[in-house]
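Student: Have a look at this one before I ask anything.
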Amino acid sequence: MKQRGRHRRRRRGRALRAALTGAALALTGAATLISASQATVADDPGALEPLTSAAETDALRLTEHRVPRPWLDRLSASMGDPVGVDTVLDSADHTLRDAGDCTAGAREALPVSPAATRAYCWDDADTDGWRPGAVTTSGDADEDGLWGTHRVILSAWSRDDGTPEGGLARVSFVDADDPDRLGYTSALLAVPVDGGHDYRGLDSPVTGMVWYQDKLLVTSSAGDRDALYVYDVERVQRATTAADAVGRVPGGWAAGGNRYVLPAIASYRLPDTDGAARPGAISLDRSTAPDSLVAGERVDADGDRPTRLWRYSLSTLADPERTGLPVTDSAGHVHAVEAYRTGAAEVGGVLSYRPPGAARSDWYLGRAAGGQDGRGTLWRQDTDGARATECGADQSQQCWSGRAGSMSYWARTGEVWSQSGRMLFALPLTSIRDALD
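Those letters in the sequence shown? Residues -42 to -1, 1 to 395, per mature numbering (1 follows the signal peptide of the UniProt record, and there is no 0), in order.
Shown next, in the form of structure tokens:
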């Protein structure tokens, strides 16, 4: 039986590679045809310029605000004991499809070069009316790449469909133990209110997300000063009704039709000054000591200022109250430990990684198509210069996914995970580096 199972997986693997290769060849031709109309997107952003003045780095400072513990306890007392990731995975009620079973239109969101080596599309009925956002994995959460005994992918989605319940955000928990069958279910992201007697939905798209230890950090682009919200993956609450409402309802608790809800345990606030930098894309960098949270803001192509990139150190304290959180000073401030400006605009994904033995980190920026239809670009930058991946007969630089999303590096497998349109995909970091070298 095991031998036949291996043969099935090999055949499916060959079919998937063939589908992805065919899609990449077709998209390479498309990239060549549209490259001329997107020349402005691929403008060389130049070298990274360090930010060193106090005024520049103060604009990157965050202040920590914890949700009072009695509020969280009050929610648990009303909703029932929290559950963990294993319970959520065990109740997976949807399945992603292999790329070979996805439509050609969906596969157009995949990068051309370097090409994805694994790709999946989401359940159309479940994601109708929801926009894809950031991705993170258990490779971020723990060095061994597992959460307990599971390989897990987390995918953020937002809804703004003009209904009274619009403006919600949720996270899909994907069981990735079997690469041939990825099952998932979702939890609504919420913020406790009224002393923990109720909660509201996180009314913001999630463009950046990092799962580090037991904490999930997500970006917020809402109109207030809260730039990051923090969730505890071991404090997932069960919804008691499938109603499309959010919060306390007659007879129980609702999570916008989802089976679970994650109440925020903390937030990080921007400084109350002009020019404060709001993180748009975030990722984890395990190549630094200590591990660090990498951030980049999104500036429109027609913006009148450069984009800022920076990092915060993550806590190494054994204190269980600080696990998975950024380092703060005695006043609760989080300071950037490294910061740059770049000429790159429309940055939708950012990664920083220092290869073994290297003196400095490389920064990888996924840039969207600048408001135009078509493909984005993938750049590597450092303080010496920048280089983009190329594809097509004319060496076009429009080779990346058009709606450039967040990137997450799974160090144990060497893969970079991202999401564009209805496609979730992965490719080796080495293939990105080879394409740039």
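Note that CB positions come from ideal geometry on N, CA and C, so glycine has one too.
Just grab the DSSP bridge partners of residue 171 for me.
Tutor: Answer by DSSP bridge pairing: none, since residue 171 is not bridged.
Student: Note the first and the last residue of the continuous beta strand (DSSP E) segment covering residue 354.
Tutor: No beta strand (DSSP E) contains residue 354, which DSSP labels as neither H nor E.
Student: For the beta strand (DSSP E) holding residue 233, just list the boundary residues, first then last.
Tutor: Where residue 233 is concerned, there is no enclosing beta strand (DSSP E), given that its DSSP letter is neither H nor E.
Student: Are residue 263 and residue 251 close, meaning C-beta to C-beta below 8 Å?
Tutor: Going by C-beta atoms, residue 263 is not nearer than 8 Å to residue 251.
Student: Note down the Cα distance separating residue 385 from residue 4, rounded to an integer number of angstroms.
Tutor: For residue 385 and residue 4, the distance between alpha carbons rounds to 26 Å.
Student: I'd like the list of long-range same chain contacts for residue 389, defined as Cβ closer than 7 Å, with 5 residues on each side in sequence excluded.
Tutor: The answer, listed in chain order, is 72.
Student: Just the C-alpha distance for residue 37 and residue 202, rounded to the nearest angstrom, thanks.
Tutor: Residue 37 and residue 202: Cα-Cα distance of roughly 17 Å.
Student: Helix, strand or coil: which one does DSSP assign to residue 387?
Tutor: DSSP places residue 387 in helix when its eight states are reduced to three.
Student: Do you know how far the Cα of residue 32 is from the Cα of residue 396?
Tutor: For the chain, the structure presents residues -42 to 395; residue 396 sits outside this window and is missing.
Student: I need the DSSP call for residue 133, collapsed to helix, strand or coil.
Tutor: Here residue 133 sits in strand by DSSP.
Student: Between the Cα of residue 110 and the Cα atoms of 338, 144, 117, 74, which residue gives the shortest distance?
Tutor: Of the listed residues, the one whose Cα sits closest to residue 110 is 144.
Student: Terminal residues of the continuous beta strand (DSSP E) containing residue 300?
Tutor: It spans 294 to 300 - the beta strand (DSSP E) in which residue 300 sits, taken as one unbroken run.
Student: For residue 155, list the residues DSSP reports as bridge partners.
Tutor: Answer by DSSP bridge pairing: none, since residue 155 is not bridged.
Student: My parser needs the beta strand (DSSP E) runs of 3 or more residues fully inside the region 181 to 257; what are they?
Tutor: The region 181 to 257 contains these whole beta strand (DSSP E) runs: 184 to 190, 204 to 207, 210 to 213, 218 to 227, 239 to 243, 250 to 254.
Student: Since residue 96 contacts residue 113 with CB under 8 Å, what's their CB separation in whole angstroms?
Tutor: Their Cβ separation, rounded to whole angstroms, is 13 Å, which puts residue 96 and residue 113 out of contact at 8 Å.
Student: Identify which residue in 128, 246, 163 has its Cα closest to the Cα of residue 146.
Tutor: Checking every option, the nearest Cα to that of residue 146 belongs to 128.
Student: When DSSP builds the beta bridges, which residues end up paired with residue 128?
Tutor: BP columns for residue 128 point to 115, 146.
Student: When the distance is taken between beta carbons, is residue 20 closer than 8 Å to residue 292?
Tutor: Yes, they are a contact pair.
Student: Is residue 265 buried or exposed, if buried means 16 or more other CB atoms sit within 10 Å of its CB?
Tutor: Residue 265 should be labelled buried.
Student: My guess is that residue 350 and residue 378 are in contact by the Cβ rule of under 8 Å, so how many angstroms apart are they, rounded?
Tutor: About 19 Å separates the two Cβ atoms, so there is no contact after all.
Student: Contact between the region 336 to 348 and the region 67 to 83 is defined here as three or more beta-carbon pairs at a separation below 8 Å; is this criterion met?
Tutor: Verdict: yes, contact present.
Student: Cα-Cα, which of 167, 315, 118, 174 is closest to residue 246?
Tutor: The shortest Cα separation from residue 246 among 167, 315, 118, 174 belongs to 315.
Student: Inspect the beta-carbon positions of residue 64 and residue 380 and report whether they are closer than 8 Å.
Tutor: Cβ distance < 8 Å, so residue 64 and residue 380 count as in contact.
Student: Could you give the C-beta distance for residue 166 and residue 233, rounded to a whole number, given that I count them as a contact under 8 Å?
Tutor: Their Cβ separation, rounded to whole angstroms, is 20 Å, which puts residue 166 and residue 233 out of contact at 8 Å.
Student: Leaving aside the five residues before and after residue 221 along the sequence, list all residues of the same chain whose C-beta is less than 8 Å from its C-beta, in chain order.
Tutor: These residues qualify, in order along the chain: 25, 30, 33, 148, 149, 150, 157, 189, 193, 195.
Student: Using the Cβ count rule (16 or more neighbours within 10 Å means buried), how would you classify residue 353?
Tutor: Classification for residue 353: exposed.
Student: Counting C-beta neighbours from all protein chains within 10 Å, is the total for residue 307 16 or more, i.e. buried, or is it exposed?
Tutor: Answer is buried; the Cβ neighbour count reaches 16.
Student: Threshold first: 3 residues or longer. Then list the beta strand (DSSP E) segments lying entirely within the region 7 to 38, N to C.
Tutor: Segments of the beta strand (DSSP E) lying fully in the region 7 to 38: 20 to 24.
Student: Which residue marks the beginning of the alpha helix (DSSP H) containing residue 62, and which one marks its end?
Tutor: Residue 62 -> alpha helix (DSSP H) spans 62 to 65.
Student: When DSSP labels each residue in this structure, what does residue 165 get in the three-state scheme?
Tutor: Reduced to three states, the DSSP call for residue 165 is coil.
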